[in-house]
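Just below is one structure, and these are the notes that go with it.
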């Protein structure tokens, strides 16, 4: 079955938690984890690859995350062109 979605995160613990390889998580994260697991089940887990990517290897995404965090614009992280996302 081909991979349809590639998800990259700069948080190794988040990647492990999504893949159910991390033993514990904060209670406030449990509803988000449940929603991610629900979406993965809906899409088909085998169609999604979740990978940890150190932020120093993807400065563009790190900058976009920072920009989105510090702005009220819900779409601040969107860009029509993306040059540093690994293939």
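Numbering (our numbering), first residue to last: 36 to 122.
Just so it is clear, CB atoms sit at the ideal spot from N, CA and C, and this is done for glycine as well.
Taking the alpha carbon of residue 43 as the point to measure from, which residue in 59, 93, 60, 67 has its own alpha carbon closest? In the chain shown, counting from the first residue as 1, residue 43 sits at position 8. With distances taken between Cα atoms, residue 43 lies closest to 93.
Three-state secondary structure (DSSP) of residue 104: Stepping through the chain shown from its first residue, residue 104 is reached at position 69. Looking at residue 104 - three-state DSSP - the assignment turns out to be helix.
Burial state of residue 52 (16 or more Cβ within 10 Å): For the purposes of this step, residue 52 is identified with residue 17 of the chain shown, where counting begins at 1. With 16 or more Cβ atoms within 10 Å of its Cβ, residue 52 is classed as buried.
State yes or no: is the C-beta of residue 72 within less than 7 angstroms of the C-beta of residue 38? Translated into positions along the chain shown, residue 72 becomes position 37. Translated into positions along the chain shown, residue 38 becomes position 3. Going by C-beta atoms, residue 72 is not nearer than 7 angstroms to residue 38.
When burial is assigned at 16 or more other CB atoms within 10 Å of the CB, is residue 74 buried or exposed? Translated into the one-based positions of the chain shown, residue 74 becomes position 39. Exposed: under 16 other Cβ atoms inside 10 Å.
Exposure of residue 96, with buried meaning 16 or more beta-carbon neighbours within 10 Å: Walking along the chain shown from the start, residue 96 turns up at place 61. So residue 96 ends up on the buried side.
Just to confirm, does residue 100 get its C-beta within under 6 angstroms of one of the non-hydrogen atoms of the ligand MG? Looking for the ligand MG in the displayed structure turns up nothing, as the structure carries no ligands at all.
Residue interval of the beta strand (DSSP E) (run including residue 41): In the chain shown, residue 41 corresponds to position 6, counting from 1. Counting along the chain, the beta strand (DSSP E) containing residue 41 begins and ends at 40-44.
Going along the chain, which unbroken runs of the alpha helix (DSSP H) with 4 or more residues stay wholly within the region 38-85? 47-53, 65-78
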